[in-house]
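Comments concern the structure below.
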Amino acid sequence: MSRTKLIAANWKMYKTPDQTRAFFADFLPLVSGHTRDEIVVCPPYVDLAAALEAVKGSNVGVGAQNLHWKDEGAFTGEISAQMLLALGITHVIVGHSERRQYFGETDDTVNLRLKAALEAGLTAICCVGEVLEEREAGLTEEVLRRQCVRAFHAISAKKAAKLVVAYEPVWAIGTGKTATPELAAEAHAVIRSEATEVFGEEFAAELRILYGGSVKPDNASALMSQEEIDGALVGGASLDPKSFAAIVKY
Ligand code: 13P
């Protein structure tokens, strides 16, 4: 199987344009010539232009952290796929648990955003994951299947060609508690089996499923060596160029 791993940084609400330029000045030399994995950085919207300028001609891509499902309209504070494309953005995160937890994101709005991203030709990183209470109640598989089936609703395998899924157990995000590689691989297998049901076996075999949740330089290699884990979505440890480069080079 030859799924190229995707190592993606989710900067969340960190860094100004100047800090973005400073990050890339340090980061790009550390990963120049690295072709084994795909590398993407997703900064806040206001940093996208600076990031795109900085990565020109390099092996690093730039993604956004969210998008609205309409092309334009009276939606204060929102950004559309068309706007991201106009800037030169290639990737976008959809349905991150922080959006679900703090900003009223639902399975249905995740579906709308995912459809819009894929229709626009963006590579969409769709996040799913259980909260601690769900895991403790033995509901992880059910939650993952529900989140996937609702996120993938009314999307054809053809349209979903640029879909990436990120498994981010909410209890592992920003807590320093990483899922063990085995536990992550188990969850990834559930997601892949759901993708098989919705999109078919051939599609699911190619689908990249990333792990996210306290990925650090010292646990990246064990996680990435799992057959089922096709990359990482990194929060805190992606803010420092040395630490993110060490993860990229796991
Ligand atoms: P941390 O790596 O800070 O745990 O965040 C994970 C995450 O939410 C990436 O999207």
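Here the sequence shown is numbered in our numbering, starting from 27 and rising by one per residue.
The C-beta atom is built at its ideal place from N, Cα and C for all residues, glycine as well.
Out of the options, which has the shortest C-alpha to C-alpha gap to residue i?
{"i": "glycine 200", "options": "Thr30, Lys31, Trp37 and Ser28", "result": "Trp37"}
{"i": "threonine 273", "options": "Glu64, Gln45 and Phe178", "result": "First, the residue type needs correcting, since residue 273 is isoleucine and not threonine in the sequence shown. Cα-wise, what sits closest to isoleucine 273 is Glu64."}
{"i": "isoleucine 33", "options": "Gly59, Cys68 and Ala51", "result": "Cys68"}
{"i": "alanine 128", "options": "Asn245, Val196 and Arg172", "result": "The sequence shown places tyrosine at residue 128, not alanine. Closest option to tyrosine 128, Cα to Cα, is Val196."}
{"i": "valine 241", "options": "Thr166, Phe178, Phe49 and Ala205", "result": "Ala205"}
{"i": "aspartate 73", "options": "Glu232, Gly59, Phe50 and Asp133", "result": "Phe50"}
{"i": "alanine 211", "options": "Ala248, Leu165, Lys275 and Val88", "result": "Ala248"}
{"i": "serine 28", "options": "Arg62, Pro55 and Asp44", "result": "Arg62"}
{"i": "alanine 177", "options": "Leu165, His122 and Ala213", "result": "His122"}
{"i": "glutamate 208", "options": "Ala107, Asn245 and Phe225", "result": "Asn245"}
Would you please state the rounded distance, in angstroms, between the beta carbons of residue i and residue j? I believe it to be under 8 Å.
{"i": "leucine 144", "j": "lysine 96", "result": "Actually they are not in contact, since the Cβ atoms of leucine 144 and lysine 96 sit about 15 Å apart, beyond 8 Å."}
{"i": "arginine 47", "j": "alanine 90", "result": "Actually they do not touch by this definition, with Cβ atoms about 18 Å apart."}
{"i": "valine 57", "j": "valine 86", "result": "7 Å"}
{"i": "isoleucine 217", "j": "valine 190", "result": "Actually they do not touch by this definition, with Cβ atoms about 11 Å apart."}
{"i": "alanine 35", "j": "valine 260", "result": "5 Å"}
{"i": "proline 267", "j": "aspartate 134", "result": "That belief does not hold up - the Cβ atoms of proline 267 and aspartate 134 are roughly 38 Å apart, past 8 Å."}
{"i": "alanine 163", "j": "leucine 93", "result": "With 8 Å as the limit, alanine 163 and leucine 93 do not qualify as a contact, their Cβ atoms being about 33 Å apart."}
{"i": "alanine 230", "j": "threonine 222", "result": "4 Å"}
May I ask you to check if the CB of residue i is nearer than 7 Å to at least one heavy atom of ligand 3?
{"i": "threonine 206", "result": "In the structure on display, ligand 3 does not appear, and the ligands it does have are ligand 1."}
Task: Under 6 Å, CB to nearest heavy atom of ligand 1: contacting residues - done: Taken from the N-terminal end onward, the list reads Asn36, His122, Glu194, Ile199, Gly200, Gly238, Gly239, Ser240, Val241, Leu259, Val260, Gly261, Gly262 and Ala263.
Task: Cβ contact (3+ pairs, closer than 8 Å) linking the segment 250 to 257 and the segment 220 to 238 - done: yes
TODO: Could you tell me whether the segment 170 to 184 touches the segment 106 to 113, where touching means 3 or more Cβ pairs closer than 8 Å?
DONE: With a cut-off of 8 Å, the segment 106 to 113 and the segment 170 to 184 do not count as touching, because too few Cβ pairs lie within range.
- [ ] Could you tell me whether the segment 38 to 45 touches the segment 151 to 158, using the rule of 3 or more Cβ pairs below 8 Å?
- [x] no
Open item on the list: If contact is defined by three or more beta carbon pairs under 8 Å, each pair taking one atom from either stretch, is the segment 97 to 104 in contact with the segment 118 to 132?
Closed with: no
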